[in-house]
Amino acid sequence: MVLLFDVGGVLVDLDLDLTLAGFDQIGIDLRPYLDSARQAGFLSDYESGKINTETMLSKMRALSTKSDLTDDEIAAAWCRLLVRLPQERLELILKARRHYRIALLSNTNPLSWGKARTEFIEQQGHTVSDFFDETFLSFEMGVEKPAPEIFQKAVEALHCRPEEVLFFDDAAANCEAARREGLRAFHTPTDGSWMQLFDDAGRLKDEANAGY
Numbered sequence: 001m002v003l004l005f006d007v008g009g010v011l012v013d014l015d016l017d018l019t020l021a022g023f024d025q026i027g028i029d030l031r032p033y034l035d036s037a038r039q040a041g042f043l044s045d046y047e048s049g050k051i052n053t054e055t056m057l058s059k060m061r062a063l064s065t066k067s068d069l070t071d072d073e074i075a076a077a078w079c080r081l082l083v084r085l086p087q088e089r090l091e092l093i094l095k096a097r098r099h100y101r102i103a104l105l106s107n108t109n110p111l112s113w114g115k116a117r118t119e120f121i122e123q124q125g126h127t128v129s130d131f132f133d134e135t136f137l138s139f140e141m142g143v144e145k146p147a148p149e150i151f152q153k154a155v156e157a158l159h160c161r162p163e164e165v166l167f168f169d170d171a172a173a174n175c176e177a178a179r180r181e182g183l184r185a186f187h188t189p190t191d192g193s194w195m196q197l198f199d200d201a202g203r204l205k206d207e208a209n210a211g212y
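Residues in the sequence shown are numbered consecutively from 1, following the UniProt record's numbering.
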């Protein structure tokens with residue numbers, strides 16, 4: 001069995017208001033492009049790998065009322081979105097990996113993934129591969145959730161049947177899309193309460209029915 005986790009809102013806590021306030025401070029109203037459900041316009045292009053970080057930053061500067069805005073200021077405002085990855089979630093992943101294959105499937109971009117990886121995951125001598133067998137990142141795959149292709153590509157790369165995958169995501173639309181492709185899916189609250197599905201050893205308490 002494969003446990004397939006989203007990153008933001010499931011593993012990593014997010015703060016959209018903090019991010020929007022950060023952009024307000026540098027003269028950018030990001031609300032037309034960013035909300036709690038998904039990203040739009042050039043930010044969607046960034047998440048799907050259609051544009052690179054340099055192009056994204058250029059488009060951000062074009063939106064700003066501040067003429068001397070730097071790339072570092074934009075990146076700092078953006079990375080305020082990712083707040084924390086509680087240690088107990090990583091500890092549970094390590095326990096669960098004794099019983100299941102563990103993978104990530106995330107709508108993300110180079111800036112967000114860079115912060116999540118270096119500041120939250122790769123701590124205390126750990127690497128990403130200590131926790132996850134595979135990482136499926138939208139900007140590398142060229143497609144975002146909830147498109148069917150992203151789930152199809154992940155299942156193919158995992159060399160398993162769709163019904164052998166339990167997907168955890170905080171967006172109902174993504175869970176519904178995963179189920180249409182035959183995956184099992186659990187729509188998770190953003191408070192980390194999905195951890196209650198596991199026992200102290202890292203096994204699912206009700207493995208047979210999880211995600212149905």
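The C-beta atom is built at its ideal place from N, Cα and C for all residues, glycine as well.
Since we're looking at a predicted model, the values are computed, not measured.
| Query | Result |
| --- | --- |
| By DSSP's criteria, residue 276 is part of a beta bridge. Which residues make up the other side? | As displayed, the chain neither begins before 1 nor continues past 212, which places residue 276 out of reach and without an answer. |
| Who pairs with A8 in a beta bridge, going by DSSP? | The amino acid occupying residue 8 in the given sequence is Gly; Ala does not appear at that position. According to DSSP, which records beta bridges pairwise, G8 is partnered with V12. |
| May I ask you to list the residues that DSSP assigns as paired with F186? | F168 |
| Tell me whether R80 sits in a helix, a strand or coil according to DSSP, three-state version. | coil |
| Could you please give the first and the last residue of the uninterrupted alpha helix (DSSP H) stretch that includes P146? | Element bounds for P146: n/a, residue is neither H nor E. |
| Using 7 Å as the threshold, is the C-beta distance between L137 and S106 below it? | yes |
| Could you check the C-alpha separation between R203 and C79 for me, to the nearest Å? | 33 Å |
| Quick check: what's the CA-CA separation for E163 versus K145? | 18 Å |
| I'd like to confirm the pairing. Which residues does DSSP put opposite L3 in its beta bridges? | I102 and L166 |
| Put L204 into one of helix, strand or coil per three-state DSSP. | strand |
| Tell me Q39's beta-bridge partners as DSSP assigns them. | L34 |
| Take the Cβ of R84 as the centre, count every other Cβ of all protein chains shown within 10 Å, and call the residue buried at 16 or more, exposed below. | exposed |
| If I follow the unbroken alpha helix (DSSP H) through Q196, where does it start and stop? | No alpha helix (DSSP H) contains Q196, which DSSP labels as neither H nor E. |
| Which residue from A208, L92 and L34 puts its Cα closest to that of S193? | L92 |
| Cα-Cα, which of F5, R161, A62 and E54 is closest to D29? | A62 |
| Run through DSSP, which three-state label would I93 get? | helix |
| Measure the alpha-carbon distance for T65 versus T118 and round it to whole angstroms. | 31 Å |
| Do P148 and E181 have their C-beta atoms within less than 7 Å of each other? | yes |
| Determine the closest residue to D13 out of D191, D199, D206 and A210, with distance taken between C-alpha atoms. | D191 |
| I'd like to check one pair, A103 with L4: are the Cβ atoms closer than 7 Å? | yes |
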